[in-house]
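S.K.: At position 21 of the sequence shown the residue is numbered 21 (full-length UniProt numbering), and the sequence of numbers has no breaks.
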Amino acid sequence: MLADGWRVTNPNKREYTFHRGTGPDAVFSRLDRIYVTPDIFDSAREWNICEAGVRTDHSLVLVQLTPTNAPLVGEGRPLFPLQLLRDKTLTRAIKECGLEAMRELADLAQRGVRTADLNPQLIFRKFKLEAMKLARIREKEVVPKLLAEIRDCERALKATKANRDLAEAEKIPELEALTKQTDQILVKIAQGMRS
């Protein structure tokens, strides 16, 4: 038998996946669902409803599926944090590293000596590693601020939804404003990642 996994996991929670309109005409509903069989439900975890990060009137229903025969996954390859491509502070720091690498390459070419310990490939490798290191440091400075803003909005949303003292007519404008604020932050992050 199929079941709405989010509802089974959160029987007493009140969340919405659809919103339309503004002010007193705003409508909130839970239209979007993920129906699963009991076998799949047993390997599913972290059921969540969150904002999409693009302009839409629907929220995402997310679940993490972990099959029992899934292979062990390592750390993976390093990726440059795309949301930092337009970060001026990081750009300046990487540019300085690049100029230093170019000076080393020019010195190497001028000397005409190429060894196993001193060659263009190693200089380029050192530059790439340094650029990734700088990006990771900058990411640790920038991203937590945005994530903290999102967490604050989500906490406020959760508290408003759970507040039984507020009438639905009073909740809707507040929910709408908080949802819009969360959307704006997510769009900002997503645009940085797509650029």
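C-beta: ideal position from N, C-alpha, C; glycine also.
Taking only three categories from DSSP, how would you classify V34?
M.R.: Just to set this straight, residue 34 is Ile in the shown sequence, not Val. Coil, per DSSP.
S.K.: Please report how far the alpha carbon of R194 lies from the alpha carbon of V113, in whole angstroms.
M.R.: Residue confidence for R194 is low, a pLDDT of 47 falling below 50, so the modelled location carries little weight and cannot support an answer.
S.K.: By Cβ distance, which residues of its chain are closer than 7 Å to T37, with the 5 residues on each side in sequence left out?
M.R.: L2
S.K.: What does DSSP give as the partner residue(s) for N119 in the beta ladder?
M.R.: According to DSSP, which records beta bridges pairwise, N119 is partnered with nothing at all.
S.K.: Between R19 and E176, how many whole angstroms is the CB-CB distance? I'm expecting something under 8 Å.
M.R.: Per the sequence shown, the amino acid found at residue 19 is His instead of Arg. Yes, they are in contact, since the Cβ atoms of H19 and E176 sit about 7 Å apart, within 8 Å.
S.K.: Where does L85 sit, in a helix, a strand or coil, going by DSSP?
M.R.: coil
S.K.: Just how far apart, CA to CA, sit P11 and F127?
M.R.: 53 Å
S.K.: Within a Cβ cutoff of 6 Å, which residues of the same chain sit near L157, ignoring the five residues on either side of it in sequence?
M.R.: Around L157: L178.
S.K.: How many whole angstroms separate the CB atoms of R33 and V73, which I take to be in contact at a CB cut-off of 8 Å?
M.R.: Not quite, the Cβ-Cβ distance comes to about 29 Å (not below 8 Å), so this is no contact.
S.K.: By Cβ distance below 7 Å, which residues in the same chain neighbour I94 in space, the five residues on each side in sequence not counted?
M.R.: A131 and L134
S.K.: So the alpha helix (DSSP H) V27 belongs to, where does it begin and stop?
M.R.: Unbroken run through V27 is the beta strand (DSSP E), V27 to S29; no alpha helix (DSSP H).
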